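Peer 1: Residue numbers (my numbering), protein chains in the order written: chain A, 1 to 65; chain B, 1001 to 1258.
Here a beta-carbon is modelled for each residue, glycine too, at the ideal position from N, C-alpha and C.
As the structure is a computational prediction, the values presented were derived from the model and not from experiment.
Dropping a structure here in structure tokens format, bear with me for questions.
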Amino acid sequence: MEIIVNGQKETGPPCTIAALVARKGLTPGALIVELNQQIIKQEQWQAIQLKDNDRLELLSFVGGG
Amino acid sequence: MQDDGLKLGDVTFTNRLFTGTGKFADNALIPKMLAASGSQMITVALRRIDTTTRSENILDFIPKNTNVTLLPNTSGARTAEQAVRIARIAREAGCGDFIKIEVITDMKYLMPDNWETLKATEVLAKEGFVVLPYVLPDLPLAKRLESAGAAAVMPLGAPIGTNRGLETKPLLELLIENCSIPVVVDAGIGRPSQAAAAMEMGADAVLVNTAIATASDPETMGQAFDLAVKAGRAAYLAELAEESGVARASSPLTGFLD
């Protein structure tokens, strides 16, 4: 599977959003996930299987003015 | 004269100092600054996470269930479309309806792109956002933002983070005098006295981030800005006495001793 995560190409075994988040060691609480420009709520991460060419954005709120 | 507060969207702010969460040496200072300043509106930004470093969740440092409203900004957007996308993400992520539109293409002076900002305002106001556009102080543009449904207009006093104060003062005055929506002076305010000056002129609020966050003691500086904003607002409501080119004695000019 080849997907684009935060603008970077990534290859790996097929997986769900939840599995990808876990593999990257990210804390779900602070994380906002956008898949192909659609926000995916945390409850759905387990159910959504990533596919080739998916564009995933892993975002969070940071300090700013 | 009593200050009735500033109504934006459905929220009435009784404190007219808006603050930011950027540049604090330690994010643990943010809740202390909020408590000391009484600020009821605070900005946050949205970014891609850096998977190589463990970054803190800024929202953890903003006390929940208080009267503090989150103001996500669209910083990083270079076009109206990007700003709209960030605003929608922020709302879906549970940050509420307030959005500060910030569209910047000029990375040297960080001047807001007024044209893209107007386009984003038109879209987001229709979607029910409480839109606070960050702009260069330009009266015709401010009137267009007003027509587009902006909740307020946020002109800069000086470029972001410069602490140079009200360099755009004559233009800010035009906006304050002629806009029917609130005017919030955002960016460039470096000192409490400059915040007081903006409020004396009739600004409805000021947004201060760098000057508080990068002070040696942000908590006390937050308090200093709160006092200055209150003083400036009270002076505006009390209506300033006239200036004069010549001296006007305060003590009687009669009945002198020989």
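Give a yes or no on contact between the stretch 1061-1074 of chain B and the stretch 1037-1051 of chain B, applying the rule of three or more CB pairs nearer than 8 angstroms.
Peer 2: The stretch 1061-1074 of chain B is in contact with the stretch 1037-1051 of chain B.
Peer 1: Who are the neighbours of B/ILE1164 on chain A, taking C-beta pairs under 8 angstroms?
Peer 2: Residue 1164 of chain B sits at position 164 when you count from the first residue of the second sequence. One detail in the question is off: residue 1164 of chain B reads as Arg in this sequence, not Ile. Going along chain A, no residue has its Cβ under 8 angstroms from B/ARG1164, so there is no contact; the nearest lies around 15 angstroms.
Peer 1: Could you round the C-beta distance between B/VAL981 and B/ALA1120 to whole angstroms and report it? I think they count as a contact, below 8 angstroms.
Peer 2: This structure cannot settle anything about residue 981 of chain B, because the visible part of chain B is limited to 1001 through 1258.
Peer 1: In this structure, how does DSSP classify B/ASN1073 when only helix, strand and coil are distinguished?
Peer 2: The sequence position of residue 1073 of chain B within the second sequence is 73, counting from 1. In this structure, B/ASN1073 counts as strand in the three-state DSSP scheme.
Peer 1: Any beta carbon from chain A within less than 8 angstroms of B/ALA1198's own beta carbon?
Peer 2: Reading the second sequence from its first residue, position 198 is the one you call residue 1198 of chain B. No, B/ALA1198 does not count as interfacial toward chain A.
Peer 1: What are the residues of the stretch 1042-1055 of chain B that lie near chain A, defined by any Cβ-Cβ distance shorter than 8 angstroms?
Peer 2: Answer set for the stretch 1042-1055 of chain B: THR1043, VAL1044, ALA1045, LEU1046, ARG1047, ARG1048, ILE1049, THR1051, SER1055.
Peer 1: Given 8 angstroms as the limit, is there contact between the stretch 1211-1227 of chain B and the stretch 1242-1252 of chain B, that is, 3 or more CB pairs closer than that?
Peer 2: As far as the Cβ criterion goes, the stretch 1211-1227 of chain B does not touch the stretch 1242-1252 of chain B, which means the pair count is below three.
Peer 1: Suppose only complete runs of 3+ residues qualify. What are the beta strand (DSSP E) ranges in the stretch 1179-1243 of chain B, listed by chain order?
Peer 2: Those beta strand (DSSP E) runs which fall completely within the stretch 1179-1243 of chain B and span 3+ residues are 1184-1186, 1205-1208.
Peer 1: Tell me whether B/PHE1018 sits in a helix, a strand or coil according to DSSP, three-state version.
Peer 2: Sequence index remark: in the second sequence, residue 1018 of chain B carries index 18 (1-based). Note: B/PHE1018 maps to strand in three-state DSSP.
Peer 1: Cβ atoms of B/LEU1136 and B/LYS1100: under 8 angstroms apart, would you say?
Peer 2: Along the second sequence, read from residue 1 onward, the residue named residue 1100 of chain B stands at position 100. Along the second sequence, read from residue 1 onward, the residue named residue 1136 of chain B stands at position 136. Not in contact: B/LYS1100 and B/LEU1136 (Cβ atoms no closer than 8 angstroms).
Peer 1: Give the straight-line distance between the Cα atoms of B/GLN1194 and B/MET1154, rounded to the nearest whole angstrom.
Peer 2: Along the second sequence, one-based indexing puts residue 1194 of chain B at 194. Along the second sequence, one-based indexing puts residue 1154 of chain B at 154. In a straight line, the C-alpha of B/GLN1194 is about 16 angstroms away from that of B/MET1154.
Peer 1: Checking contacts by CB at 8 angstroms: is A/LEU31 closer than that to chain B?
Peer 2: As a position in the first sequence, residue 31 of chain A is number 31, starting the count at 1. For A/LEU31, the answer is yes, since a Cβ of chain B falls inside 8 angstroms of its Cβ.
Peer 1: For a cutoff of 8 angstroms on Cβ pairs, would you count B/PHE1098 as touching chain A?
Peer 2: Residue 1098 of chain B sits at position 98 when you count from the first residue of the second sequence. No, B/PHE1098 does not count as interfacial toward chain A.
Peer 1: Could one say the Cβ of A/ILE39 lies closer than 8 angstroms to chain B's Cβ atoms, at least one of them?
Peer 2: Working through the first sequence from its first residue, we reach residue 39 of chain A at position 39. Cβ-Cβ to chain B under 8 angstroms: yes for A/ILE39.
Peer 1: Express the C-alpha separation of B/THR1117 and B/PRO1140 in angstroms, rounding to a whole number.
Peer 2: Looking up residue 1140 of chain B in the second sequence gives position 140. Looking up residue 1117 of chain B in the second sequence gives position 117. Those two C-alpha atoms are separated by around 14 angstroms.
Peer 1: Kindly say whether B/SER1039, judged by its beta-carbon, lies nearer than 8 angstroms to any beta-carbon of chain A.
Peer 2: Here residue 1039 of chain B is taken as the residue at index 39 of the second sequence, counted from 1. With 8 angstroms as the cut-off, B/SER1039 does not count as an interface residue toward chain A.
Peer 1: How far does the beta strand (DSSP E) with A/ARG55 in it extend, from its first residue to its last?
Peer 2: What you label residue 55 of chain A is simply residue 55 of the first sequence in a count that begins at 1. Its beta strand (DSSP E) spans residues 55-63.
Peer 1: Count the other CB atoms within 10 Å of the CB of B/ASP1097; is the residue buried (16 or more) or exposed (fewer)?
Peer 2: For the purposes of this step, residue 1097 of chain B is taken as residue 97 along the second sequence, with counting starting at 1. Classification for B/ASP1097: buried.
Peer 1: What are the boundary residues of the beta strand (DSSP E) that includes B/ALA1247?
Peer 2: On the second sequence, residue 1247 of chain B is found 247 positions in, with the first residue counted as 1. First-last for B/ALA1247: undefined, no H or E at that position.
Peer 1: May I ask you to list, following chain order, the residues of the stretch 1012-1024 of chain B that have a beta carbon less than 8 angstroms from some beta carbon of chain A?
Peer 2: Going along the stretch 1012-1024 of chain B in chain order, one finds GLY1020, THR1021, GLY1022, LYS1023, PHE1024 with a Cβ nearer than 8 angstroms to chain A.
Peer 1: Beta-carbon separation of B/ILE1206 and B/PHE1013 under 8 angstroms?
Peer 2: The residue you call residue 1206 of chain B lines up with position 206 of the second sequence. The residue you call residue 1013 of chain B lines up with position 13 of the second sequence. Correcting the residue identity first, residue 1206 of chain B is Val in this sequence and not Ile. The answer is no: Cβ separation not under 8 angstroms.
Peer 1: Who does B/PHE1098 pair with in a DSSP beta bridge?
Peer 2: Your numbering for residue 1098 of chain B matches position 98 in the second sequence. Per DSSP, B/VAL1130.
Peer 1: May I have the straight-line CA-CA distance separating A/LEU35 from A/GLU2, to the nearest angstrom?
Peer 2: On the first sequence, residue 35 of chain A is found 35 positions in, with the first residue counted as 1. On the first sequence, residue 2 of chain A is found 2 positions in, with the first residue counted as 1. Each residue's Cα considered, the two are about 14 angstroms apart.
Peer 1: In this structure, how does DSSP classify B/LEU1008 when only helix, strand and coil are distinguished?
Peer 2: Here residue 1008 of chain B refers to the residue found at position 8 when the second sequence is read from its first residue. Here B/LEU1008 sits in strand by DSSP.
Peer 1: Measure from the alpha carbon of B/GLY1222 to the alpha carbon of each residue in B/GLY1165, B/ALA1025, B/LEU1029, then state which is nearest.
Peer 2: As a working mapping, residue 1222 of chain B is identified with position 222 in the second sequence. That would be B/LEU1029, whose Cα lies nearest to the Cα of B/GLY1222.
Peer 1: Under the three-state reduction of DSSP, which class applies to B/THR958: helix, strand or coil?
Peer 2: No statement about residue 958 of chain B is possible, as the shown extent of chain B runs from 1001 to 1258 and does not include it.
Peer 1: Taking the alpha-carbon positions, what's the B/LYS1032 to B/PHE1024 distance?
Peer 2: Indexing the second sequence from 1 puts residue 1032 of chain B at position 32. Indexing the second sequence from 1 puts residue 1024 of chain B at position 24. Taking the straight line from one Cα to the other gives about 12 angstroms.
Peer 1: According to DSSP, which residues form a beta bridge with B/ALA1045?
Peer 2: Counted from its first residue, the second sequence places residue 1045 of chain B at position 45. A/VAL62, per the DSSP bridge assignment.
Peer 1: Ordered along the chain, which non-local residues of its own chain (more than five positions away) have a Cβ less than 7 angstroms from that of B/ALA1087?
Peer 2: The residue given as residue 1087 of chain B occupies position 87 in the second sequence. Taken in chain order, the residues that qualify are THR1074, ILE1099, LEU1124, PHE1129.
Peer 1: For B/GLU1081, which of helix, strand or coil comes out of DSSP?
Peer 2: Counted from its first residue, the second sequence places residue 1081 of chain B at position 81. If DSSP states are grouped into helix, strand and coil, B/GLU1081 belongs with the helices.
Peer 1: Measure the Cβ-Cβ separation of A/THR16 and A/ILE48 and say whether it is below 8 angstroms.
Peer 2: In the first sequence, residue 16 of chain A corresponds to position 16, counting from 1. In the first sequence, residue 48 of chain A corresponds to position 48, counting from 1. Against a cut-off of 8 angstroms, the Cβ pair of A/ILE48 and A/THR16 comes out as a contact.
Peer 1: Strictly below 8 angstroms CB to CB, what residues from chain B border A/GLY12?
Peer 2: Taking the first residue of the first sequence as position 1, residue 12 of chain A is located at position 12. The premise fails here: A/GLY12 is roughly 14 angstroms from chain B at the closest Cβ pair, so nothing lies under 8 angstroms.
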